[in-house]
Amino acid sequence: MAEDTTEGQQPATTTADATTDKSNLPDFEIPKGPITPEHQAFLINADLAKKDLEAKIATFPENGGSAKAGLERELQDLDHAGRYLEGKPHDAKSARNGLLYVWQRAYDRSKEAATIKDPDDAAAAANEKTLIQNILDKFDKDND
């Protein structure tokens, strides 16, 4: 099958495609200039959270129902959280949900590392959780 190289045109996407095709979600951009520790913590844990969600979504059949739709919504919330950090337009409720999901992923990592007695990873994940909490606090202050 030949690849369409027509410039300026996007392939047609139906509503069903939009909920099942995750290739249309942008990856998180790395900001120009120095990366803050908060942004780095977000990027690390958002990437892990995104991979977790994609793996869970992949276990559902094409017509996965409301459970699959909920996971897909969480994936979109991650995108809005990334947009917030990049200073791009975002939905505030979705961005906050995405930030909470990333915070939860850092929290889970710190507990997992403590369980397997990896003090270095546990400390790093706990620090990342605190840095992400700082982002949440700033978000809440900005969106009062």
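The working numbering numbers the first residue of the sequence shown as 52 and each following residue consecutively. For glycine and all other residues, C-beta sits at the position ideal for the given N, C-alpha and C.
TODO: Grab the span of the alpha helix (DSSP H) containing Glu-123 for me, first residue to last.
DONE: Mapped onto the sequence shown, residue 123 falls at position 72. Boundaries of the alpha helix (DSSP H) harbouring Glu-123: 116 to 137, taken from the DSSP string.
Open item on the list: Suppose you measure from the CA of Pro-170 to the CA of Tyr-158; what does that come to, to the nearest Å?
Closed with: In the sequence shown, residue 170 corresponds to position 119, counting from 1. In the sequence shown, residue 158 corresponds to position 107, counting from 1. Across the structure, Pro-170 and Tyr-158 are spaced so that their CA atoms are roughly 14 angstroms apart.
Open item on the list: Using C-beta distances below 7 angstroms, list every residue in its chain close to Pro-88, excluding the 5 sequence neighbours before and after it, in chain order.
Closed with: Position 37 of the sequence shown holds residue 88. So the qualifying residues of the chain are Leu-182.
Task: Reduced DSSP category for Pro-140 - H, G, I as helix; E, B as strand; rest coil - done: In the sequence shown, the residue the question calls residue 140 occupies position 89. Coil.
Open item on the list: Quick check on the DSSP output: the alpha helix (DSSP H) that includes Asp-195 runs from which residue to which?
Closed with: Counted from its first residue, the sequence shown places residue 195 at position 144. From DSSP, Asp-195 is part of no alpha helix (DSSP H); its letter is neither H nor E.
Task: CA-to-CA distance, Ile-95 to Lys-107, given in whole angstroms - done: Position 56 of the sequence shown, counting from 1, holds the residue named residue 107. Position 44 of the sequence shown, counting from 1, holds the residue named residue 95. Note on geometry: alpha-carbon atoms of Lys-107 and Ile-95 lie some 19 angstroms from one another.
Task: Span separating the alpha-carbon of Tyr-152 from that of Ser-161 - done: Here residue 152 refers to the residue found at position 101 of the sequence shown. Here residue 161 refers to the residue found at position 110 of the sequence shown. Spanning the alpha carbons of Tyr-152 and Ser-161 requires a straight line of approximately 14 angstroms.
Open item on the list: Using a 10 Å radius around the Cβ and a threshold of 16 neighbouring Cβ atoms, would you call Ile-167 buried or exposed?
Closed with: As a first step, residue 167 is located in the sequence shown; it is residue number 116 there, counting from the start. So Ile-167 ends up on the exposed side.
- [ ] For Lys-189, count neighbouring C-beta atoms within 10 Å of its own C-beta (all shown protein chains included) and say buried if the count is 16 or more, exposed if not.
- [x] On the sequence shown, residue 189 is found 138 positions in, with the first residue counted as 1. Around the beta carbon of Lys-189, fewer than 16 other beta carbons lie within 10 angstroms, which makes this residue exposed.
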